[in-house]
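Trainee: Its first residue numbered 1, the sequence shown is counted upward by one per residue in the working numbering. Attaching a single structure in structure tokens format; questions to follow.
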Amino acid sequence: MEIKNIETDEKGNFVAEIENNEAGILEYTWQNDHEFSIDHTEVYEEYRGMSVGKKLVLEAVDYARKNDAKIVPNCPYAKAIFEKTIAFQDVLA
Numbered sequence: 001m002e003i004k005n006i007e008t009d010e011k012g013n014f015v016a017e018i019e020n021n022e023a024g025i026l027e028y029t030w031q032n033d034h035e036f037s038i039d040h041t042e043v044y045e046e047y048r049g050m051s052v053g054k055k056l057v058l059e060a061v062d063y064a065r066k067n068d069a070k071i072v073p074n075c076p077y078a079k080a081i082f083e084k085t086i087a088f089q090d091v092l093a
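So, in structure tokens, the structure goes:
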């Protein structure tokens, strides 16, 4: 699985690809210079059960750590992952 980050000025997407096929997407919006919200996470039906969503959230967490940023998990899926994963609390806004 490969995850690409596509970012514009205020918004961005992490796109998961499996064998050159898009498997899922995580959409985020920068709130300010040091905080972004995860707005939507979606895994396409044929790729469910392959931990695509969790890997997308993990990629967002790694990105936040590298950019000294915090995350606001507005997406219900991302929020659930943050609630279950103590190791992600350092980037939680």
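Each residue gets a CB set at the ideal place from its N, CA and C atoms; glycine is no exception. This one's a predicted model, so the numbers in the text were calculated from it and none came from an experiment.
How is the beta strand (DSSP E) around ALA87 delimited, first residue to last?
Mentor: Per DSSP, ALA87 belongs to no beta strand (DSSP E) and is neither H nor E.
Trainee: For ALA69 and ASN13, I'd like the C-alpha separation in whole angstroms.
Mentor: Distance between the alpha carbons of ALA69 and ASN13: 16 Å.
Trainee: List the whole-angstrom C-beta distance separating GLU22 from GLU2, where the pair is believed to meet the contact cut-off of C-beta under 8 Å.
Mentor: The Cβ separation is near 10 Å, so there is no contact.
Trainee: Under three-state DSSP, which class holds ASP39?
Mentor: ASP39: strand per DSSP, three-state reduction.
Trainee: Counting Cβ pairs, one atom from each stretch, are 3 or more of them under 8 Å apart for the segment 83-91 and the segment 31-46?
Mentor: Flag = no, the segment 83-91 and the segment 31-46 do not touch.
Trainee: Among the residues of its own chain, which have a CB less than 7 Å from the CB of LYS79, if the five just before and after it don't count?
Mentor: If we look at LYS79 and ignore the five residues flanking it on each side, its Cβ neighbours are PRO73.
Trainee: What span of residues does the alpha helix (DSSP H) with TYR63 cover, start to end?
Mentor: Its alpha helix (DSSP H) spans residues 52-66.
Trainee: Taking Cβ positions, are TYR77 and ASN5 nearer each other than 9 Å?
Mentor: No, these two residues do not count as a Cβ contact at 9 Å.
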